[in-house]
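In our numbering, the protein residues as written are 32 to 366.
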């Protein structure tokens, strides 16, 4: 069930890219089939205008666009969050499962663990040595006895792991190596993993809802204008802010993509008649390749703050809209 859950979350996260392309090629296939079966000729003989033929496809496109906008607001970010939290849960369950007596364990970043004896399936330890190297501070912890304590609550997706150590000492040294501190203890609680994988636990912009993204952008822009914020913090904000804006504007752009790709598919899919040779799929691939080449070039420039994020997102959409409207006007009957 966990594997199926992960597959479902991955599938949902691909919808914003897959749906516009699906709408394009589904529209091309539909119009190709109608052209080959002379259905369009029959419709034209009844006096049907091109917009009347296009209207059902437009309604479907608008419905799909609204659906993907709604999904992008909350469900897709929630799905990405749950995917990451599930991965955190799975990996945390395996932490310290391979600790063996008399061997160094280095799977925890910044921590080296050694125990002379390991009992109760890796829960109890004797003659423990732990070396910690984090945030420019080194610690060497020696203890006679130790026990691994794993805490879980109904809300936590990733448990908190800590060592409860007895009868030992801690030796600390700092970057300049000039100061060394030694502490003796009878009991010491040492955190191994802090956990924190709560549903809704957000570390990436793609895991935030539209409302949260908008709020993050507003707060970061306010900090950039504030005189109390340090230069280092402002530089960090400047490096993150373009990515956040790209994520926000891309979610607004995706519904527009769907509608424009339906228009493009309608124009490319119509053939002049039965037996006409028009490779609509190849033409569509060329147009899409050009669109995404512009899009990713703009994204690269926006991340370097060379152009605004909304320009990078909407400029390719504007180009393809002009191209689609031009094709629509050039269709081979009046109306």
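Here a beta-carbon is modelled for each residue, glycine too, at the ideal position from N, C-alpha and C.
Answer yes or no: do residue 180 and residue 201 have a C-beta to C-beta separation smaller than 8 Å? Within the chain shown, residue 180 is the residue found at index 149, counting from 1. Within the chain shown, residue 201 is the residue found at index 170, counting from 1. Cβ atoms of residue 180 and residue 201: not closer than 8 Å.
Label residue 116 either buried or exposed according to how many other C-beta atoms from any shown protein chain fall within 10 Å of its C-beta, with 16 as the threshold for buried. What you label residue 116 is simply residue 85 of the chain shown in a count that begins at 1. So residue 116 ends up on the buried side.
Contacts around residue 150, its chain only, beta-carbon distance under 8 Å, and the 5 residues preceding and following it disregarded: As a first step, residue 150 must be located in the chain shown, where it is residue number 119. Within the same chain, and ignoring the five residues on either side of residue 150 in sequence, the residues whose Cβ sits closer than 8 Å to its Cβ are 156 and 157.
Helix, strand or coil, according to DSSP, for residue 262 in the structure here? Translated into the one-based positions of the chain shown, residue 262 becomes position 231. Assignment of residue 262 by DSSP, reduced to helix, strand and coil, places it in the helix class.
Would you mind stating whether residue 177 and residue 163 have Cβ atoms separated by less than 8 Å? For this step, residue 177 is matched to residue 146 along the chain shown. For this step, residue 163 is matched to residue 132 along the chain shown. No.
Applying the criterion that 16 or more other CB atoms from any shown protein chain within 10 Å of the CB defines a buried residue, is residue 159 buried or exposed? To locate residue 159, count along the chain shown from 1; it is residue 128. So residue 159 ends up on the buried side.
Pull the bridge partners of residue 215 from the DSSP assignment, please. Residue mapping note: residue 215 aligns to position 184 of the chain shown, counting from 1. In the DSSP output, where bridge partners are listed per residue, residue 215 has 200.
For residue 136, the residue or residues it bridges with in DSSP: In the chain shown, the residue the question calls residue 136 occupies position 105. In DSSP, residue 136 forms a bridge with 144.
Within a Cβ cutoff of 7 Å, which residues of the same chain sit near residue 95, ignoring the five residues on either side of it in sequence? Mapped onto the chain shown, residue 95 falls at position 64. Once the five neighbours on either side are set aside, the close Cβ partners of residue 95 are 50, 54 and 289.
To the nearest angstrom, how far is the alpha carbon of residue 340 from that of residue 80? Counting from 1 along the chain shown, the entry for residue 340 is found at position 309. Counting from 1 along the chain shown, the entry for residue 80 is found at position 49. The alpha-carbon atoms of residue 340 and residue 80 are separated by roughly 39 Å.
Please report the straight-line C-alpha distance between residue 375 and residue 40, rounded to a whole angstrom. Since the first and last residues shown for the chain are 32 and 366, residue 375 lies out of range.
Kindly indicate which three-state DSSP category residue 312 falls into: helix, strand or coil? If you number the chain shown from 1, residue 312 lands on position 281. In this structure, residue 312 counts as helix in the three-state DSSP scheme.
If you measure from the beta carbon of residue 197 to each beta carbon in chain C, is any gap under 8 Å? Going by chain labels, chain C is absent from the structure shown, which holds only one protein chain.
Determine whether the beta carbon atoms of residue 296 and residue 90 lie at a separation below 8 Å. As a working note, residue 296 is residue 265 in the chain shown. As a working note, residue 90 is residue 59 in the chain shown. Contact flag unset, no.
Over the uninterrupted alpha helix (DSSP H) stretch that includes residue 352, give me the two end residues. Your numbering for residue 352 matches position 321 in the chain shown. That run of the alpha helix (DSSP H) goes 340-360.
Might you give, ordered along the chain, the residues of its own chain that have their beta carbon closer than 7 Å to the beta carbon of residue 348, omitting 5 neighbours on each side? Taking the first residue of the chain shown as position 1, residue 348 is located at position 317. Answer for residue 348: 284, 287, 288 and 291, listed in chain order.
With residue 301 as the anchor, note down where its alpha helix (DSSP H) starts and where it stops. Start at 1 with the first residue of the chain shown, and residue 301 comes out as number 270. Looking at the DSSP string, residue 301 is not in any alpha helix (DSSP H), and its letter there is neither H nor E.
Beta-carbon contacts of residue 279 that lie in its chain and below 6 Å, excluding the five residues immediately before and after: Counted from its first residue, the chain shown places residue 279 at position 248. Excluding positions up to five away in sequence, the list reads 244.
Which of helix, strand or coil does DSSP assign to residue 78? Within the chain shown, residue 78 is the residue found at index 47, counting from 1. Looking at residue 78 - three-state DSSP - the assignment turns out to be coil, as it is neither helix nor strand.
Cα-Cα separation, residue 198 to residue 137: Residue numbering aside, residue 198 sits at position 167 when the chain shown is read from its first letter. Residue numbering aside, residue 137 sits at position 106 when the chain shown is read from its first letter. Using only the alpha carbons, I get a separation of about 23 Å.
Is the beta carbon of residue 300 less than 8 Å from the beta carbon of residue 311? Your numbering for residue 300 matches position 269 in the chain shown. Your numbering for residue 311 matches position 280 in the chain shown. Cβ atoms of residue 300 and residue 311: closer than 8 Å.
When the Cα atoms are used, what is the spatial distance from residue 118 to residue 33? To locate residue 118, count along the chain shown from 1; it is residue 87. To locate residue 33, count along the chain shown from 1; it is residue 2. Cα to Cα, residue 118 sits roughly 10 Å from residue 33.
Is it buried or exposed for residue 186, if we count other Cβ within 10 angstroms and need 16 for buried? Here the question's residue 186 lines up with position 155 in the chain shown. Because the pLDDT of residue 186 is 46, which lies under 50, any placement of that residue in the model is unreliable, and the number read from its coordinates should be weighed accordingly. Burial call: exposed.
What residues in its chain sit with their C-beta under 8 Å from that of residue 135, if we drop five residues either side in the sequence? Residue mapping note: residue 135 aligns to position 104 of the chain shown, counting from 1. Taken in chain order, the residues that qualify are 143, 144 and 145.
When we look at the beta-carbon of residue 111 and count the other beta-carbons within 10 Å, is it buried (16 or more) or exposed? Along the chain shown, read from residue 1 onward, the residue named residue 111 stands at position 80. Flag for residue 111 reads buried.
Chain-order list of residues whose beta-carbon lies under 8 Å from that of residue 329 (same chain, five-residue window excluded): Locating residue 329 in the chain shown gives position 298, where the first residue counts as 1. 338, 342, 343, 344, 346 and 347, listed in sequence order.
Given a cut-off of 8 Å on the beta-carbon distance, is the pair residue 63 and residue 240 in contact? Locating residue 63 in the chain shown gives position 32, counting from the first residue. Locating residue 240 in the chain shown gives position 209, counting from the first residue. It is not a contact, given that the beta carbons lie outside the stated cut-off.
For residue 56, does the three-state DSSP call read helix, strand or coil? Mapped onto the chain shown, residue 56 falls at position 25. When secondary structure is reduced to three states using DSSP, residue 56 falls in the helix class.
Closest to residue 331 by C-alpha separation, out of 276, 211 and 44, would be which residue? Here the question's residue 331 lines up with position 300 in the chain shown. Checking every option, the nearest Cα to that of residue 331 belongs to 276.
For the alpha helix (DSSP H) holding residue 102, just list the boundary residues, first then last. Your numbering for residue 102 matches position 71 in the chain shown. Here residue 102 belongs to no alpha helix (DSSP H), and DSSP marks it neither H nor E.
What does DSSP give as the partner residues of residue 169 in its beta bridges? If you number the chain shown from 1, residue 169 lands on position 138. In the DSSP output, where bridge partners are listed per residue, residue 169 has 164 and 204.
If we ignore side chains and look at the alpha-carbon of each, how far apart do residue 193 and residue 172 end up? For this step, residue 193 is matched to residue 162 along the chain shown. For this step, residue 172 is matched to residue 141 along the chain shown. In a straight line, the C-alpha of residue 193 is about 14 Å away from that of residue 172.
When DSSP labels each residue in this structure, what does residue 242 get in the three-state scheme? Walking along the chain shown from the start, residue 242 turns up at place 211. Helix.
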